[in-house]
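Number of protein chains: 2
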Amino acid sequence: MRIDKAHSNGSDGAKRARGHVHEHVLHYMRRGLMIGAFVPGQVMSLRKLAAGLGTSPMPVREVLSRLVAASALEETAGGSVRVPKLRPEKLSDLFAVREMIEGTAAESAAKKAGPGLLAELNGINEQLLTAIEKRDILNCLSFNQKFHFTLYEASGSEVLMPLIESLWLQFGPTMYMSLLIPSMPWNASDHKDILSALKDGHAAAVKKGIVHDIRTTGKALLSVAGPDGVDLPFARGPELQFDY
Amino acid sequence: MRIDKAHSNGSDGAKRARGHVHEHVLHYMRRGLMIGAFVPGQVMSLRKLAAGLGTSPMPVREVLSRLVAASALEETAGGSVRVPKLRPEKLSDLFAVREMIEGTAAESAAKKAGPGLLAELNGINEQLLTAIEKRDILNCLSFNQKFHFTLYEASGSEVLMPLIESLWLQFGPTMYMSLLIPSMPWNASDHKDILSALKDGHAAAVKKGIVHDIRTTGKALLSVAGPDGVDLPFARGPELQFDY
DNA sequence: CCAGCGCGATTGTGATCTCATATTGTGATC
DNA sequence: GATCACAATATGAGATCACAATCGCGCTGG
Chain X
0 MRIDKAHSNG
10 SDGAKRARGH
20 VHEHVLHYMR
30 RGLMIGAFVP
40 GQVMSLRKLA
50 AGLGTSPMPV
60 REVLSRLVAA
70 SALEETAGGS
80 VRVPKLRPEK
90 LSDLFAVREM
100 IEGTAAESAA
110 KKAGPGLLAE
120 LNGINEQLLT
130 AIEKRDILNC
140 LSFNQKFHFT
150 LYEASGSEVL
160 MPLIESLWLQ
170 FGPTMYMSLL
180 IPSMPWNASD
190 HKDILSALKD
200 GHAAAVKKGI
210 VHDIRTTGKA
220 LLSVAGPDGV
230 DLPFARGPEL
240 QFDY
Chain B
0 MRIDKAHSNG
10 SDGAKRARGH
20 VHEHVLHYMR
30 RGLMIGAFVP
40 GQVMSLRKLA
50 AGLGTSPMPV
60 REVLSRLVAA
70 SALEETAGGS
80 VRVPKLRPEK
90 LSDLFAVREM
100 IEGTAAESAA
110 KKAGPGLLAE
120 LNGINEQLLT
130 AIEKRDILNC
140 LSFNQKFHFT
150 LYEASGSEVL
160 MPLIESLWLQ
170 FGPTMYMSLL
180 IPSMPWNASD
190 HKDILSALKD
200 GHAAAVKKGI
210 VHDIRTTGKA
220 LLSVAGPDGV
230 DLPFARGPEL
240 QFDY
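Structure below.
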């Protein structure tokens with residue numbers, strides 16, 4: 000989807016619809032962070048981003064502001080915002096907190112799971128396995144996220160979900176980078192255990208599966224992270240443009 | 000502290016200092032939410048707030064945007080933002096998550112506690128007890144918050160702190176309202192146990208104390224909450240102005 | 001007396017402008 | 001050749017303007 004250039008107040012088409020531009024921008028940025036369109040360390044320029052999206056810096060500023068509030072981005076001394084580089088200690092912290100929070104969400108979800116949930120998760124996991132087979136990073140990350148969030152969503156907690164989203168936005172860029180490294184394993188084996196535990200209605204086992212999945216991912220991520228986060232052994236420039 | 004009116008681009012005094020107005024506004028709003036200057040359900044008007052603070056709507060918009068991202072405020076259908084009313088289920092959720100997260104933070108803090116922490120917490124608790132004695136709501140909330148956050152801060156987790164802050168901002172307004180209700184107990188008895196456990200270096204006991212403190216508070220809050228959150232038995236208008 | 005309607009006031013949103021500051025690039029000096 | 005200073009540029013922040021959607025309130029018709 001492309002945002003139409005809505006410049007020039009006057010004349011012709013494209014009446015300004017109220018209050019929806021920033022939603023597009025937010026969606027664009029969140030997705031961009033998740034699928035690795037932005038490199039850790041990269042500073043975001045209001046004007047550049049705005050130009051790329053065909054809007055004024057204003058909606059971009061609002062969105063960046065929200066993402067800073069969610070710890071997905073950080074401000075530099077000069078007031079710019081950039082994608083944070085995760086030091087190993089913070090990465091470790093992040094995954095420890097993930098285990099706790101997402102483990103709880105998974106357990107709660109398992110207790111409340113309706114009949115449709117299992118089928119839905121199975122379908123998503125099939126697509127995830129296909130993506131892994133094809134070495135398709137984007138779909139791999141996308142379906143993995145969908146798997147986890149669909150499960151957690153079933154907990155029905157309006158409190159946990161925003162916290163989990165904040166955590167995912169924080170490690171998202173690093174996660175993508177790590178998948179570019181050859182030694183990084185692509186693994187979704189824990190999902191099978193989670194699904195079978197869910198089928199049996201064993202909430203504690205579902206929690207255990209999620210915790211194990213997160214721990215495995217965290218260990219793998221830490222193993223490829225240098226002191227300043229994940230760095231690639233080859234050059235890779237920031238992609239300011241991508242389709243979504 | 001008062002923010003100088005920095006209107007009118009031209010002429011006389013008050014040169015526009017760069018990029019600090021919104022920090023004042025953010026501080027003002029966060030504190031306002033914590034100390035109950037804003038009533039749950041109240042809608043915030045950009046222009047009113049800006050006029051009250053002597054700035055343009057712009058910095059206010061950015062701050063409100065961040066607070067919405069932190070779940071401290073919510074947007075109405077029309078795009079305005081308001082202080083959320085917490086339904087009992089959400090309140091219950093919130094305090095369950097608090098137990099988990101703050102319990103973990105407290106345990107971690109207890110393990111890393113340096114020698115100065117105990118003294119600092121003791122001092123804060125003294126002030127809290129004085130505030131309770133005087134039935135001074137503002138200082139009571141303020142010192143209670145300081146007690147908890149000082150403890151959690153000692154965990155050194157850059158990941159947990161923002162999450163905890165988000166949670167406190169969510170129940171802050173409701174907490175204040177509840178203290179206005181006569182039947183609501185003013186209690187800090189758990190803090191004594193926490194301090195003695197901390198002195199003995201029993202991290203697990205510190206965690207237990209924090210969890211108990213949170214659970215007690217949550218139960219009390221739930222007991223005075225109606226189906227639409229805490230409502231006062233008497234009228235109370237929103238206070239748009241307060242000193243801080 | 002109440003429901004439906006319409007007009008006006010209010011509000012949020014996005015664009016544009018200006019300014020102060022941060023950053024970068026260039027040139028001179030040691 | 002390296003370093004420092006200064007200038008040019010880029011960038012974010014805040015103010016102001018314009019506009020459309022929304023909300024409130026009174027009016028009118030049943």
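These protein sequences, in sequence, are chains X and B. Residue numbers for the first sequence follow numbering that gives the first Met the number 0, so the first one is 0 and each next one is one higher. Residue numbers for the second sequence follow numbering that gives the first Met the number 0, so the first one is 0 and each next one is one higher. Note that CB positions come from ideal geometry on N, CA and C, so glycine has one too. Keep in mind that this is a model prediction, so the values were computed, not measured.
Sorting X:Val-80, X:Asp-92, X:Ala-68, X:Gly-208 by C-alpha distance to the C-alpha of Leu-194 of chain X places X:Gly-208 at the top. In the DSSP assignment, Met-176 of chain X falls within the alpha helix (DSSP H) that extends over 159 to 178. Per the C-alpha coordinates, the member of B:Val-62, B:Arg-81, B:Leu-52, B:Ile-213 positioned closest to Met-174 of chain B is B:Ile-213.
Scanning chain B for C-beta atoms nearer than 8 Å to the C-beta of Glu-61 of chain X yields Arg-60, Glu-61, Ser-64, reported in chain order. Counting only the Cα atoms, Val-205 of chain B lies some 8 Å from Gly-102 of chain B.
Each of X:Cys-139, X:Asn-124, X:Lys-218 was checked against the Cα of Ala-130 of chain X, and the nearest Cα belongs to X:Cys-139. What Ser-70 of chain X touches in chain B, judged by beta-carbon distance under 7 Å, is Pro-161, going in chain order. With a contact defined as Cβ atoms closer than 8 Å, Val-96 of chain B and Val-96 of chain X miss out at about 12 Å. Contact between Val-82 of chain B and Leu-72 of chain B holds, since their C-beta atoms are separated by about 6 Å, short of 8 Å.
Rounded to whole angstroms, the separation of the alpha carbons of Gln-169 of chain X and Leu-137 of chain X is 17 Å.
In the DSSP assignment, Met-43 of chain X is bridged to X:Val-80. Ranked by how close their Cα comes to the Cα of Gly-200 of chain X, the residues X:Arg-86, X:Ser-107, X:Trp-185 have X:Ser-107 in first place.
Met-176 of chain X and Gln-144 of chain B have their alpha carbons spaced roughly 39 Å apart. Contacts between Met-99 of chain X and chain B, judged by CB atoms closer than 8 Å, involve Met-99, Ile-100, Thr-103 in chain order. Per DSSP, Pro-87 of chain X is one residue of the alpha helix (DSSP H) stretching across 87 to 111. In terms of beta-carbon proximity, Lys-206 of chain B stays away from the interface with chain X, with every pair separated by 8 Å or more. Note on His-19 of chain B: under 16 other CB atoms within 10 angstroms of its CB, so exposed under the neighbour-count rule.
A residue is called buried when at least 16 other Cβ atoms come within 10 angstroms of its Cβ; Pro-39 of chain X meets this threshold and is buried. With contacts defined by Cβ atoms closer than 8 Å, Ala-224 of chain B and Leu-45 of chain B do not form a contacting pair.
At a cut-off of 8 Å between beta-carbon atoms, Leu-93 of chain X makes contact with chain B. In this structure, Met-28 of chain X sits near Val-62 of chain X, with a CB-CB distance shorter than 8 Å.
Annotated three-state conformation of Gly-122 of chain B is helix, per DSSP. Listed along chain B, the residues sitting closer than 7 Å to Val-96 of chain X by beta-carbon distance are Val-158, Leu-159. If you look at Arg-134 of chain B, you'll find it isn't in any alpha helix (DSSP H); DSSP assigns it neither H nor E.
When Cβ-Cβ separations below 8 Å define contact, Lys-110 of chain B makes no contact with chain X. Under the criterion of beta carbons closer than 8 Å, Ala-202 of chain B and Ala-109 of chain B qualify as touching, at roughly 4 Å. Under the Cβ distance rule, Lys-191 of chain B does not count among the residues neighbouring chain X, no pair being separated by less than 8 Å.
Secondary structure of Gly-225 of chain X (DSSP, three-state): strand. Any Cβ of chain X closer than 8 Å to the Cβ of Lys-89 of chain B would place that residue at the interface, and such an atom is present.
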